[in-house]
Amino acid sequence: MKRIVTVLFVFIFAINIATLVAAIKSPRTGANHDAYLMKFKQWAQTYITKKNAYTIRDWGSDGQRGVFATEDIKEGQQLLSLNWVSTLNLDIIAVEQKTFFEKMEEEVEGGLSDEDVLVLSLMMYRYCMTSDTYDLKAWVKALPADTSSFNSALYFSKQELEYLKGSPGFVHALLVQSEASELFEKLENSLFKDPYVLGVCKEHGTFTWEDFQWAHSIVSSRKIYIKSSEEERLIALVPPYIDFINHNSDPNTVIDFQEQSGMVVLTASKPIKKGEQLYLSYGTHQDCNSDFLIDYGFIDEESPKNCVNVLYEELYETIQDSDPKKNEKIFILDKVFEKEIRLKLFKGSLTEDLLKISKYLSYKQESLLEYLKGLIDLKLNHYPTRLQDDELFLLSTEYQTLSTRSQLAFKTSLQEKRILQFVKDDLQNSINDIDIKETAQPPKPKSTTKDEL
1 MKRIVTVLFV FIFAINIATL VAAIKSPRTG ANHDAYLMKF KQWAQTYITK KNAYTIRDWG
61 SDGQRGVFAT EDIKEGQQLL SLNWVSTLNL DIIAVEQKTF FEKMEEEVEG GLSDEDVLVL
121 SLMMYRYCMT SDTYDLKAWV KALPADTSSF NSALYFSKQE LEYLKGSPGF VHALLVQSEA
181 SELFEKLENS LFKDPYVLGV CKEHGTFTWE DFQWAHSIVS SRKIYIKSSE EERLIALVPP
241 YIDFINHNSD PNTVIDFQEQ SGMVVLTASK PIKKGEQLYL SYGTHQDCNS DFLIDYGFID
301 EESPKNCVNV LYEELYETIQ DSDPKKNEKI FILDKVFEKE IRLKLFKGSL TEDLLKISKY
361 LSYKQESLLE YLKGLIDLKL NHYPTRLQDD ELFLLSTEYQ TLSTRSQLAF KTSLQEKRIL
421 QFVKDDLQNS INDIDIKETA QPPKPKSTTK DEL
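Using UniProt numbering, the first residue of the sequence shown is number 1, and each one after it goes up by one.
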């Protein structure tokens with residue numbers, strides 16, 4: 001973990017030059033008490049630039065909350081301008097939780113990521129600073145406390161994850177759970193037993209897995225990233241109020257960070273009618289539903305362009321033992337994944353990085369189309385059930401009895417299989433077209449003696 005000394009940031013461009021590379025994740029579930037939400041709304045009035053134009057309220061049947069327009073909003077209208085010091089970030093934590101911040105730096109072997117620090121500081125705010133006065137208190141109290149509707153990775157049981165088997169999301173979920181569990185065990189034996197922490201948190205008692213699980217889910221589902229102009233790295237923070245805005249693949253608002261003023265600004269990217277919900281696009285333009293599910297706790301069934309992640313292990317499996325360039329290909333594959341590039345298959349295309357590595361892996365063995373078709377078959381075979389059977393199960397009464405998380409996992413796998421089958425059929429059609437063209441070519445004329453000479 002590295003402390004930020006000066007707040008100088010450069011806005012990161014994502015889908016277009018107006019969109020922040022964000023990870024404001026998961027549908028926003030409701031707070032325990034309306035009184036807390038009311039106080040939070042009053043706190044937020046300082047930063048709302050378009051007064052009385054929108055408000056947070058309940059929607060849906062499971063206590064979810066969203067932000068809704070209370071009057072017509074014009075495109076380009078600035079809606080909220082949030083001061084940097086009124087977001088959950090490392091700078092404010094270093095000041096308001098100075099000793100705890102220093103303890104985190106000193107006592108945790110191997111260090112902590114920015115996200116880990118946000119998680120631990122949120123636990124300190126919520127459970128141990130209940131009688132303290134601090135700027136974010138109204139927001140912390142307004143955060144959802146009922147975890148029954150939390151659907152991000154840490155809340156999936158082994159049984160619920162079974163419906164995700166075969167999906168890259170299954171591997172992703174296990175990795176998130178494993179890393180979180182290891183970190184909590186490390187903290188249990190170090191930071192959480194520190195005399196200072198035990199003293200400050202005397203009324204609450206020692207931090208539990210449930211405390212950590214809640215804070216981890218809140219941060220992972222609500223954080224955004226901006227880039228420091230002093231350091232070549234992304235900085236994580238959670239912006240209050242903005243974190244109550246839900247996701248849509250066709251958003252009507254965007255976030256910008258204004259470096260000189262140090263303000264996180266929310267602007268309408270298109271006209272919003274009274275009664276309509278305000279939406280942001282979470283993540284980047286290349287997030288698949290398995291990414292949304294594990295990190296955000298939901299899936300986007302309405303997105304016209306979804307994708308399937310391609311794992312290192314899957315590409316490794318395509319390299320034949322008899323391939324004379326096997327070692328070279330493995331070396332290149334290792335280098336590609338060292339950069340943490342996300343390789344993805346879309347319905348009508350694949351990412352440029354996946355295309356490049358596929359061309360290389362198929363070289364001197366088979367055509368690119370045949371290679372990609374084999375990769376699709378390999379991925380489909382990783383799922384324990386067939387697409388046809390899943391389509392029938394989706395209509396069954398048994399499916400209706402599944403938990404929400406099980407249904408989300410099942411739908412994610414089902415959608416991935418649909419995409420893979422579509423791509424496979426498309427590849428086969430392209431292969432057939434090539435075969436037809438080659439067959440239709442006129443025969444070459446026989447060579448004459450003169451030609452041979």
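Even glycine gets a Cβ: it sits at the ideal position worked out from N, Cα and C.
Please state whether the Cβ-Cβ distance between residue i and residue j is less than 7 Å.
i	j	result
K223	A236	yes
T70	Y47	no
N252	S269	yes
E75	P384	no
K344	F422	no
P239	L82	yes
Y225	N248	no
V308	I376	no
D135	S181	no
G169	L293	yes
F337	Y312	yes
I299	L266	no
Q213	L154	yes
S220	F150	no
V108	L191	yes
Q97	M124	yes
K329	I341	no
V117	L90	yes
Exposed or buried, what is residue i when buried is set at 16 or more other beta-carbons lying within 10 Å of its beta-carbon?
i	result
G297	buried
M129	buried
D433	exposed
K141	buried
A22	Here A22 scores only 40 on pLDDT, less than 50, and its place in the model is too uncertain to base an answer on.
K417	buried
A35	exposed
L378	exposed
K51	exposed
S430	exposed
Y282	buried
N246	buried
Q388	exposed
V10	For V10, the predicted model reports a pLDDT of 35, less than 50, meaning its position is unreliable; a value from the coordinates is still stated below. Exposed is the call here.
From the DSSP output, which residues share a beta bridge with residue i?
i	result
F68	T55 and Q277
N309	K344
I73	I272
M263	N83 and Q258
I357	Note: I357 sits in no beta bridge, so no partner.
L350	L345
I48	L80
Assuming residue i contacts residue j under a Cβ cut-off of 8 Å, what Cβ separation, rounded to an integer in Å, is found between them?
i	j	result
L164	S396	With a Cβ gap of about 19 Å, L164 and S396 do not count as contacting.
K39	A138	5 Å
L174	A409	That belief does not hold up - the Cβ atoms of L174 and A409 are roughly 13 Å apart, past 8 Å.
Of all the alpha helix (DSSP H) runs that stay within the bounds of the segment 179-256, which reach a length of 4 or more residues?
Within the segment 179-256, the complete alpha helix (DSSP H) runs of at least 4 residues are 195-200 and 209-222.
Output the residue ranges of the alpha helix (DSSP H) runs that lie fully inside the segment 403-441 and measure 4 residues or longer, sorted by chain position.
For the segment 403-441, whole alpha helix (DSSP H) runs of length 4 or above, ordered along the chain, are 404-440.
Taking only runs of the alpha helix (DSSP H) that begin and end inside the segment 75-149, which ones reach a length of at least 4 residues, in chain order?
90-96, 98-107, 114-123 and 137-142, all fully within the segment 75-149.
Curious, which full-length beta strand (DSSP E) runs of at least 3 residues does the segment 290-339 contain?
Runs of the beta strand (DSSP E) lying entirely within the segment 290-339 and spanning at least 3 residues, in chain order: 307-310.
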